[in-house]
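Peer 1: The numbering of the sequence shown is the numbering used here, which starts it at 607 and goes up by one. Every residue, glycine too, gets a C-beta built ideally from N, C-alpha and C.
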Amino acid sequence: MSDSIWTPAELDRLRQDFGDVYGGRTVLVTGADGFMGSHLTDALVELGAGVHAFVRATSSGALNNIGHLRGRLKVHFADLTDRTSVDYLIRELKEAPDRPYIFHLGAQAHVGESWHRPYETVMANTIGTLNLLQSVVDWGLELEKFDTAGTSEEYGNVREAVAHHHDFDDAGGLILHERSPINPKSIYATSKVAADFLTMNYHDAFGIPGVVTRMFNNYGPRQNPRYVTGTIITQALVRPEIELGALDPLRDFCFCTDGVRGHLMVAAKGRPGDVYVYGQG
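Pasting the structure below:
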């Protein structure tokens, strides 16, 4: 069982910044038992939100990360690729006395794994997003905000043909922002691009107040050790040298609680139809 990592001081600041926004509000978090989803769920519960935690029915780590919150939220074991279970949840949210927030973090989130499980990746990330959006439309659920979690992987590598559309700093370093060209280089990244665009499509066509948050390399407790930060730490504990792949790429790392604050800020103040990029900077 994994307790919250938020310190009392951090929780006080969180309540000062977001207590009036989320206190007493109905909130759905997909991927609620995942790495970032669980930290976001922790924060929302502490803010006094009425949290519905969407956990994949076959999730191997089901409730390992939010077990300490039992009794303080409502857990729904379901599957984003199963339209019937999604419809059931959206119908229940229609009974809420307010306009719910949806934080959509549920995904197959491992880049390398997407090559071994391409169909599952596209089904979870793209079709799962489509099911959620279409169910909101079909059941007429009025939302406060629909936050789709994107990824920095959508930007991929800079193609020479469009390099003039990118921004660079004085040292030649790449600056990525909301209007930078996207160039997904994995099945995972492509599935997330599709999810982002579906969110924007449903905003344009049906008025769903969707926003997209593209995050850069979140890290922290509860993260799968196969990710780069876990790989580095695991090796550093047992050997004098750390072996990685290509060393040329630069990475922007963002601690998980900072990433959660980004989600909360964008959902609270973001303009529907827009994309928001954030990392450590």
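1) Rounded to a whole number of angstroms, what is the C-alpha to C-alpha distance between Val881 and Thr687?
2) How many Å lie between Tyr707 and Glu748 at the Cα?
3) On the DSSP bridge assignment, give the partners of Gly634 in chain order.
4) CA-CA distance, Phe624 and Trp612?
5) Note down the Cα distance separating Val651 from Arg678, rounded to an integer number of angstroms.
6) DSSP state of Met607, grouped into three classes?
7) Where Arg621 and Val627 are concerned, what is the direct C-alpha to C-alpha distance, given to the nearest angstrom?
8) Specify the secondary structure class of Lys875 as computed by DSSP and reduced to three states.
9) Look at the alpha carbon of Val844 and the alpha carbon of His809, and state the distance between them as a whole number of angstroms.
10) Give me the Cα-Cα distance between Met642 and Gly630, rounded to the nearest whole angstrom.
11) Where does Val799 fall in DSSP's three states?
12) By Cβ distance, which residues of its chain are closer than 8 Å to Ala842, with the 5 residues on each side in sequence left out?
13) Can you confirm whether the segment 784-800 touches the segment 754-766 when touching is taken to mean that 3 or more C-beta pairs between the two stretches lie within less than 8 Å?
14) Under the three-state reduction of DSSP, which class applies to Phe812: helix, strand or coil?
15) Check the DSSP bridge columns for Tyr825 and list the partner residues they point to.
16) Just list the alpha helix (DSSP H) runs in the segment 694-749, keeping only unbroken ones of 4 residues or longer that don't cross its boundaries, in chain order.
17) Which residue marks the beginning of the alpha helix (DSSP H) containing Thr647, and which one marks its end?
18) Would you list the residues sitting across from Arg676 in a DSSP beta bridge?
19) Can you give me the C-alpha to C-alpha distance between Arg820 and Thr690, rounded to a whole angstrom?
Peer 2: Quick look at the numbers:
1) About 24 Å.
2) Going by the C-alpha atoms only, they are around 10 Å apart.
3) Going by the sequence as given, residue 634 is Leu instead of Gly. Residue pairing by DSSP puts Leu634 in a beta bridge opposite His658, Ile708.
4) Linking Phe624 to Trp612 through their CA atoms gives a straight-line distance of about 15 Å.
5) In a straight line, the C-alpha of Val651 is about 7 Å away from that of Arg678.
6) Unreliable positioning characterises Met607 in this predicted model, as indicated by a pLDDT of 44, which lies under 50. A coordinate reading is not provided.
7) One Cα belongs to Arg621, the other to Val627, and the distance between them is close to 9 Å.
8) Of the three classes helix, strand and coil, the one that applies to Lys875 here is helix, per DSSP.
9) C-alpha separation (whole angstroms): 49 Å.
10) Across the structure, Met642 and Gly630 are spaced so that their CA atoms are roughly 22 Å apart.
11) When secondary structure is reduced to three states using DSSP, Val799 falls in the helix class.
12) Taken in chain order, the residues that qualify are Ile848.
13) Segments in contact, yes.
14) It is helical.
15) Note: Tyr825 sits in a beta bridge opposite Phe861.
16) Runs of the alpha helix (DSSP H) inside the segment 694-749: 717-722, 724-728, 734-744.
17) Per DSSP, Thr647 belongs to the alpha helix (DSSP H) from 641-652.
18) Looking at the DSSP assignment, Arg676 forms no beta bridge with any residue, so it has no partner.
19) Going from the Cα of Arg820 to the Cα of Thr690 covers about 29 Å.
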